[in-house]
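Student: In my numbering, the protein residues as written are 294 to 591.
Yeah, the Cβ is synthetic: ideal placement off N, Cα and C, and Gly gets one too.
Keep in mind the model is a prediction, meaning the values are calculated, not measured.
For reference, the structure I am asking about is given below.
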């Protein structure tokens, strides 16, 4: 595959009118449409740049920054940041780009969104890849809490003290959270440049409203989201992937696999939350094979 920078240099980009604003998108390649849904919420799509290389396997790959982050408009209205809003946004993007059916890869929060989209608009999906995701926010968060309590007791206690005081910006608190992220978000050191850029450009209003002040503190409106009892409704071919050390613990992927008939599950043994960066040699062949097994043209 060519360097991603070369590939992106051939990409087209622009803005799409969606409810309450405009979102930035980038498209590269020709072939069956493949839409990437980024995580966060509010992380932007920069950290998914390497997935654009799937265009070299015969797909038109599109990434976009969801409203409120990245290069998209960022309206000052926290009431917009809901699951329903973002599901509608996905479908407006699809319709504007002229995709009758498409493949979708949803990563992290993007997999929550992809799952919700699969339940709402199943006829518009050819395949769905649920990458480091979950069907229940609380199942996800309970797993994260277990990871947190695997830290040395003094760090666990210190984190709790800062949180009790509401001091989420204290340098020591941020340093302790970084320990968790280095183990369970991305185990590549130093972090890849595109991940650093995504973290620096985080849409904090979206993230704080829907999730909370950091990955391991849940206070947002996603708290009650749970679709475990509806997994059996999904008939779209589904690939489910995660890392063994994932902050969204493998149990969440196993639950989705058990609930979605005919789904395929792969846990990458040397990865945490970003297997396309941590184990690209294993991830990309699997992803390409899955997409090729379920062509829209068939």
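1) Check residue 512 in the structure and name its three-state DSSP category.
2) If you follow the beta strand (DSSP E) that residue 310 is in, where does it begin and where does it stop?
3) Return the CA-CA distance between residue 337 and residue 429, expressed in angstroms with no decimal places.
4) Residues bridged to residue 537 by DSSP?
5) Where residue 531 and residue 301 are concerned, what is the direct C-alpha to C-alpha distance, given to the nearest angstrom?
6) Locate the beta strand (DSSP E) running through residue 481, then write down its first and last residues.
7) Look at the alpha carbon of residue 488 and the alpha carbon of residue 554, and state the distance between them as a whole number of angstroms.
8) Can you tell me whether residue 401 is buried or exposed, with buried defined as 16 or more other CB within 10 angstroms of its CB?
9) Measure the beta-carbon distance from residue 421 to residue 397 and round it to whole angstroms, keeping in mind my assumption that it falls under 8 Å.
10) For residue 410 and residue 468, I'd like the C-alpha separation in whole angstroms.
11) Mind checking who residue 420 pairs with in its DSSP beta bridge?
12) Quick one: what's got a C-beta closer than 7 Å to residue 303's C-beta in the same chain, skipping five residues either side?
13) Tell me which same chain residues have a C-beta within less than 6 Å of the C-beta of residue 314, skipping the five on either side of it?
14) If you follow the alpha helix (DSSP H) that residue 436 is in, where does it begin and where does it stop?
15) Could you spell out the range, first to last residue, of the beta strand (DSSP E) harbouring residue 317?
16) Rounded to a whole number of angstroms, what is the C-alpha to C-alpha distance between residue 294 and residue 582?
17) Does DSSP put residue 366 in a helix, in a strand, or in coil?
18) If we call anything under 8 Å between Cβ atoms a contact, is residue 364 one with residue 370?
19) Return helix, strand or coil for residue 445, following the three-state DSSP convention.
20) Quick one, are the C-beta atoms of residue 509 and residue 537 less than 8 Å apart?
21) Quick check on DSSP: helix, strand or coil for residue 336?
22) Starting from residue 355, trace the beta strand (DSSP E) both ways and give me its first and last residue.
23) Is the distance from the Cβ of residue 312 to the Cβ of residue 395 below 8 Å?
24) Less than 6 Å between C-beta atoms, sequence neighbours within five positions excluded: which residues of the same chain meet that for residue 352?
25) Using DSSP bridges, identify the partner residues of residue 325.
26) Residue 339: buried (16+ other C-beta within 10 angstroms of its C-beta) or exposed?
Tutor: Reading it off the structure:
1) coil
2) 305-311
3) 22 Å
4) Bridge partners of residue 537: none, in fact.
5) 27 Å
6) Where residue 481 is concerned, there is no enclosing beta strand (DSSP E), given that its DSSP letter is neither H nor E.
7) 33 Å
8) buried
9) 5 Å
10) 36 Å
11) 396
12) 321
13) 360, 366 and 368
14) 430-441
15) 314-321
16) Because the pLDDT at residue 294 is just 45, under 50, the model does not fix this residue reliably, and the value given afterwards should be weighed accordingly. Rounded to whole angstroms, residue 294 to residue 582 spans 16 Å at the Cα level.
17) coil
18) no
19) coil
20) no
21) coil
22) 352-357
23) no
24) 322, 324, 325 and 327
25) 352
26) buried
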